[in-house]
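Enquirer: Pasting a structure below so you can have a look.
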Amino acid sequence: MNRIGWRIVIVGALSCFIVITIGIFMYIAGARINISKSIPLGLYWMSTKPIDKGDYVIFCPPLKQIFDEAKNRGYIQSGFCPGGYGKMMKKILAAKGDSVHIGIDGVSVNGKLLPHTKPLAMDKSGKALPQLNESYLLSNNELLLMTDHSETSFDARYFGPIDVSSNQNVILPIYIW
């Protein structure tokens, strides 16, 4: 290989190293990228802000059979949470004191049916999805974590409320597309 070829290889390797190093430092500092349908696609930043209704959160799913099944079917990724689950990102659509009903028509909060919440009977591969018909009055430590814009997200319409201790951080949108 001639000198120009070696220079191209060295510059390319150095550029890759720099990009990867910047990515690692951004992650350590709190940057998170969402590529799922659960919340808008984009760049988010971890925050120490107290959790509140309407916030986006990143959390470890609780150790439950429904999440084992979700991981096996590919609805959630493998990761470093208990149970080998990957962290999930959702929006808090109901919290302490809210009345929630999950049924075949969708999810209602305080009597108002939320858009895009009607549960699917089957996933894309034809496997049955849980069909809940339950009502809750959320306690101080419960949150309803869902999407507010995707009809196909794996969210509370299938697993119900989540204990607030499962939440890691509020994530703030920096740049969404």
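The opening position of the sequence shown corresponds to residue 97 in my numbering, with each subsequent residue numbered one higher. Backbone N, C-alpha and C fix where the C-beta goes; we use that ideal spot for every residue, glycine too.
Between the alpha carbons of I198 and G150, how many angstroms are there, rounded?
Expert: The straight-line gap from Cα to Cα measures roughly 19 Å.
Enquirer: I need the boundaries of the beta strand (DSSP E) containing V153, first residue and last residue.
Expert: Segment Y152 to F155, the beta strand (DSSP E) holding V153.
Enquirer: Have a look at Y232, G222 and A224 and flag the residue whose alpha-carbon is nearest the alpha-carbon of V205.
Expert: The shortest Cα separation from V205 among Y232, G222 and A224 belongs to Y232.
Enquirer: Let me know the alpha helix (DSSP H) ranges lying completely inside the stretch 110-170, each 4 residues or longer, listed in chain order.
Expert: Complete alpha helix (DSSP H) runs here, min 4: 161-169.
Enquirer: Using 8 Å as the threshold, is the stretch 216-229 in touch with the stretch 134-145, meaning 3 or more CB pairs across them?
Expert: No: fewer than three Cβ pairs fall under 8 Å.
Enquirer: Is G291 helix, strand or coil when you go by DSSP?
Expert: Here the chain comprises residues numbered 97 to 273, so residue 291 is not present and cannot be evaluated.
Enquirer: Suppose you measure from the CA of E230 to the CA of L159; what does that come to, to the nearest Å?
Expert: In a straight line, the C-alpha of E230 is about 20 Å away from that of L159.
Enquirer: Tell me which residues share the same chain as F250 and place their Cβ nearer than 7 Å to its Cβ, disregarding the 5 neighbours each side in the sequence.
Expert: Once the five neighbours on either side are set aside, the close Cβ partners of F250 are A166, Y171 and I172.
Enquirer: Is there contact here, the stretch 115-124 with the stretch 242-258, by at least three beta-carbon pairs under 8 Å?
Expert: No, because fewer than three Cβ pairs between the stretch 115-124 and the stretch 242-258 fall closer than 8 Å, the two stretches do not touch.
Enquirer: What is the C-beta distance between I162 and P226, in whole angstroms, given that I count them as a contact (C-beta under 8 Å)?
Expert: Contact flag correct, Cβ pair sits at about 6 Å.
Enquirer: Put A190 into one of helix, strand or coil per three-state DSSP.
Expert: Three-state DSSP puts A190 in a strand.
Enquirer: Identify, in the order they occur along the chain, each residue of the same chain with its Cβ nearer than 7 Å to the Cβ of P178, setting aside the five sequence neighbours on each side.
Expert: Contacts found: C156 and L159.
Enquirer: DSSP beta-bridge partners for K208?
Expert: According to DSSP, which records beta bridges pairwise, K208 is partnered with V205.
Enquirer: Inspect the beta-carbon positions of L210 and G202 and report whether they are closer than 8 Å.
Expert: In this structure, G202 lies closer than 8 Å to L210 by Cβ.
Enquirer: Tell me, please, which residues DSSP counts as bridged to M185.
Expert: Paired residue(s): I154.
Enquirer: For the beta strand (DSSP E) that contains S195, what are its first and last residues?
Expert: Start and end: S195 to G199.
Enquirer: Answer with buried or exposed for V196, where buried requires no fewer than 16 other C-beta atoms within 10 angstroms of its C-beta.
Expert: Buried, by the Cβ-count rule.
Enquirer: Just checking: is the beta-carbon of H212 within a distance shorter than 8 Å of some beta-carbon in chain D?
Expert: In summary, chain D is missing from the structure at hand, where a single protein chain is found.
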